[in-house]
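Here the sequence shown is numbered in full-length UniProt numbering, starting from 1 and rising by one per residue. Glycine included, every Cβ here is placed at the ideal spot set by N, Cα and C.
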Amino acid sequence: MGEAPRLVATDIDGTLLRDDRTLSPRTAAVLARISAAGTPVVLVTGRPIRWLQLVYDQLAEPLPAICANGAVVYDPVTDEVLRADPLAPELLAEVARRLRAEVPGVSFAVEIVDSRQMRHEAHYPLRWDADADAIRAIESPEELLAVPAVKLLARAGEQDPDVFVRVVAGALQGLAEATHSSYSGLVEISAAGVTKAAGLAWYATRLGIDERDVLAFGDMPNDVPMLTWAGRAVAVANAHPAVLAIADEVTGANTEDGVAAYLEQVFGVA
């Protein structure tokens with residue numbers, strides 16, 4: 001498998017976590033051993049900061065994270081945001097205007113305060129447990145666009161996500177990035193140039209690590225920029241076809257500890 005990588009970057013949902021959102025003891029153990037031996041591991045996710053605790057509760061030590069598809073770089077030890085690249089209010093307003101004109105019934109939510117909080121339109125469907133302190137409905141349309149947002153979320157009922165993301169991207173025409181990481185028709189929108197690749201590149205540069213020495217794992221279209229950028233790209237077997245098409249290698253599915261199995265081979269640990 002060549003030289004051991006100097007940085008390991010992995011997506012969380014559908015890649016590192018099993019389908020019930022648990023992290024296997026095997027996976028937690030191999031991540032701990034790699035980190036303890038001196039190879040940094042970073043989580044690269046569409047998740048907001050406030051959702052990371054579910055993962056950290058299952059790890060020996062919390063790992064740094066690139067959140068909101070590259071918009072936020074987070075140090076959990078100091079609870080510090082090292083970098084944030086949000087959509088400005090005027091850009092949010094233009095994106096929302098275009099999508100309302102193009103997509104019947106579209107509804108929005110925004111990740112604000114570096115993704116520590118979420119605001120959503122009343123008719124935006126929440127798919128996960130609500131946190132009353134961090135997540136709430138807006139009282140007026142203006143509130144949605146009042147402050148910078150590290151991510152804008154768009155839904156329009158049940159949609160084929162691959163088709164819907166193309167509609168959204170077409171409407172935005174390079175004004176912002178559009179991607180998806182679900183099967184339920186949720187499109188995730190970031191500022192232009194903000195991707196998992198961009199966030200990871202910034203983090204790797206901070207550590208003095210070249211992209212050729214980065215090993216990355218992923219499963220969904222929002223992982224494609226990161227996997228294309230990294231020196232070694234590994235898809236889990238359950239990955240979206242777009243990810244399987246560009247990966248250098250394929251490991252076992254997330255339900256089979258695919259990431260752990262690959263890392264055990266690369267680093268010679270078990």
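Local conformation of residue i per DSSP, three classes
i	result
S115	helix
G218	strand
D75	strand
L172	helix
E139	coil
L244	helix
R83	strand
R155	strand
V165	helix
A253	coil
A260	helix
V110	strand
Segment limits, alpha helix (DSSP H) that includes residue i
i	result
L92	P89 to E102
T228	V224 to W229
Status (buried if at least 16 other CB within 10 Å, exposed otherwise) for residue i
i	result
T195	buried
H123	exposed
D75	exposed
P5	buried
S115	buried
T78	exposed
L207	exposed
V163	exposed
residue 271	Outside the modelled stretch of the chain, which goes from 1 to 270, sits residue 271, for which no answer is possible.
residue 280	The question about residue 280 has no answer here: the residues shown for the chain are numbered 1 through 270.
E139	exposed
E177	buried
Boundaries of the beta strand (DSSP E) in which residue i is found, first to last residue
i	result
L145	Per DSSP, L145 belongs to no beta strand (DSSP E) and is neither H nor E.
A235	R232 to V236
Beta carbon of residue i nearer than 8 Å to that of residue j
i	j	result
R127	S184	yes
L7	D213	yes
Q58	T22	yes
V150	P86	yes
S107	E90	no
A237	A247	no
Ignoring anything shorter than 4 residues or poking outside the region 5–73, list the alpha helix (DSSP H) runs there in chain order. 25–36 and 53–56
Scan the region 174–218 and note each continuous beta strand (DSSP E) run of 3 residues or more that stays entirely inside, going in chain order. 176–179, 187–191 and 214–218
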